[in-house]
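*Asks:* Structure in structure tokens, see below.
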Amino acid sequence: MAGEWLRSQGIGRERFAIALQDFLKDAGFDFTTEDRGEEGTVITAQLRRPNPALPGSMHHLSFRLRPTGGGALLRWEAPIEIVPAERGGVDRFVREMRLQLERTVRTESHGTAKVVAPESGELPWVRPTTSSGSPPL
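Note that the working numbering numbers the sequence shown so that position 15 is 53, with each residue one more than the last.
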């Protein structure tokens, strides 16, 4: 699926959504969850508690989780563009989120489940480039 960011293996969509919600809550976000059937579960989050380490472009987030055979797929839906000056802070936040999701899933499943980044996985603001630095045609 285009736009996929992370996959869980050995843990379903509901449990993966709970791990994401726990991270968001701890980071100071309020969130809503909407089950849209075959379209997946949509989680939208808005920063409620000030967090000086979090860039402005990360104050409103949106994700979609879909079931897969033996796991779930997490797609990052918003934000899709990042101000270049905020890129370092955004990368730190995303790295922290991914590591926390990996730890939570591994711990909760007693080491039987894991979170992986698919080969085609990328964040919306990270675009492949050619050797000249421009996006491929």
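Just so it is clear, CB atoms sit at the ideal spot from N, CA and C, and this is done for glycine as well.
Taking the beta strand (DSSP E) that Thr-70 belongs to, which residues open and close that run?
*Replies:* Here the beta strand (DSSP E) through Thr-70 covers 67–73.
*Asks:* In whole angstroms, give me the CA-to-CA distance for Pro-174 and Arg-125.
*Replies:* Any reading at Pro-174 needs caution, since the residue's pLDDT is 44, under 50, leaving its predicted position unreliable; the model's value is listed next. Cα-Cα distance, rounded: 21 Å.
*Asks:* Please go through the segment 93–157 and give each complete alpha helix (DSSP H) segment of 4 or more residues, from N-terminal end onward.
*Replies:* Qualifying alpha helix (DSSP H) stretches, in chain order: 125–146.
*Asks:* Just how far apart, CA to CA, sit Gly-127 and Ala-91?
*Replies:* One C-alpha to the other measures close to 7 Å.
*Asks:* Can you list, in chain order, the residues of its chain with a C-beta nearer than 6 Å to that of Ser-100? Leave out the 5 residues immediately preceding and following it.
*Replies:* Thr-82, Glu-115, Ala-116, listed in sequence order.
*Asks:* Just reading off the beta strand (DSSP E) that Leu-85 is part of, what are its end residues?
*Replies:* Element bounds for Leu-85: 79–85.
*Asks:* Measuring only the C-alpha atoms, how far is Ile-49 from Pro-122?
*Replies:* Taking the straight line from one Cα to the other gives about 35 Å.
*Asks:* Among residues of its own chain, excluding the 5 on either side of Gln-84, which ones have a beta-carbon nearer than 6 Å to its beta-carbon?
*Replies:* Asp-68, His-98.
*Asks:* Pull up the distance between the alpha-carbon of Ser-147 and that of Phe-131, whole angstroms please.
*Replies:* When rounded, the distance between both Cα atoms is 24 Å.
*Asks:* How long is the line joining the alpha carbons of Asp-129 and Ala-65, rounded to whole angstroms?
*Replies:* The straight-line gap from Cα to Cα measures roughly 15 Å.
*Asks:* Would you mind working out which of Arg-86, Glu-72, Thr-142 sits nearest Val-80, comparing C-alpha positions?
*Replies:* Checked all of Arg-86, Glu-72, Thr-142; the closest Cα to Val-80 is Glu-72.
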